[in-house]
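Accompanying notes for the structure given below.
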Amino acid sequence: MTKTDLINKIAEDAGISKTAAAKAITAMTEGITEALKEKDGKIALIGFGTFSKAHREARTGRNPQTGKAIKIPARNVVKFTPGKKLKESI
97 MTKTDLINKI AEDAGISKTA AAKAITAMTE GITEALKEKD GKIALIGFGT
147 FSKAHREART GRNPQTGKAI KIPARNVVKF TPGKKLKESI
C-alpha cells in the first residue's frame, strides 16, 4: 500500500475529503518524527504499536561485491514493536 492508497482508504472510511485525509496523514507522520527526535524518543499507539529510537554503535561490515571491510558509522535508528491487537489481527 502506498501513501496515496492509504489517503484514499482513510478518506473513504472516515467520509472526509482526500485533502483532509492527506493533511491528517502528514500531521501524524510529522508528529511521530518530532516525538522521536526528543532525547528519549518514544511514541506508543495503544493497540497498534510503539515507535522508539535506538542507538547503533559503529561497526565493521563487508562490501558484498568486493568483500572488502568497511566501517559503518554509529547512528540512531527507529524501531517498531507491534501492539497486541495488531499482532492478533495479522
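Take the sequence shown: its position 41, counted from the start at 1, is 137 in the numbering used here, and no numbers get skipped.
Note that the Cβ used here is the ideal one computed from N, Cα and C, for glycine as well.
Between A110, A170 and A165, which has its C-alpha nearest H151's C-alpha? The shortest Cα separation from H151 among A110, A170 and A165 belongs to A170.
Hey, which unbroken runs of the alpha helix (DSSP H) at 4 residues or more fall wholly within the stretch 107-141? Scanning the stretch 107-141 for uninterrupted alpha helix (DSSP H) segments of 4 residues or longer gives 114-133, listed from N- to C-terminal end.
Can you confirm whether R171, when its beta carbon is compared against all beta carbons of chain B, has any partner nearer than 9 Å? Of the protein chains in this structure there is only one, and it is not chain B.
Delimiting residues of the alpha helix (DSSP H) encompassing K183: First-last of the alpha helix (DSSP H) with K183: K180 to S185.
Once the 5 residues before and after A131 are set aside, which same chain residues still bring their CB inside 7 Å of it? G137 and I139.
Between A118 and A165, what straight-line distance do the alpha-carbon atoms span, to the nearest angstrom? If you take the alpha carbons of A118 and A165, they lie about 44 Å apart.
Less than 8 Å between the CB atoms is what I'm expecting for K114 and I103, so what's the real figure, rounded? Rounded, the Cβ-Cβ distance is 6 Å, consistent with contact.
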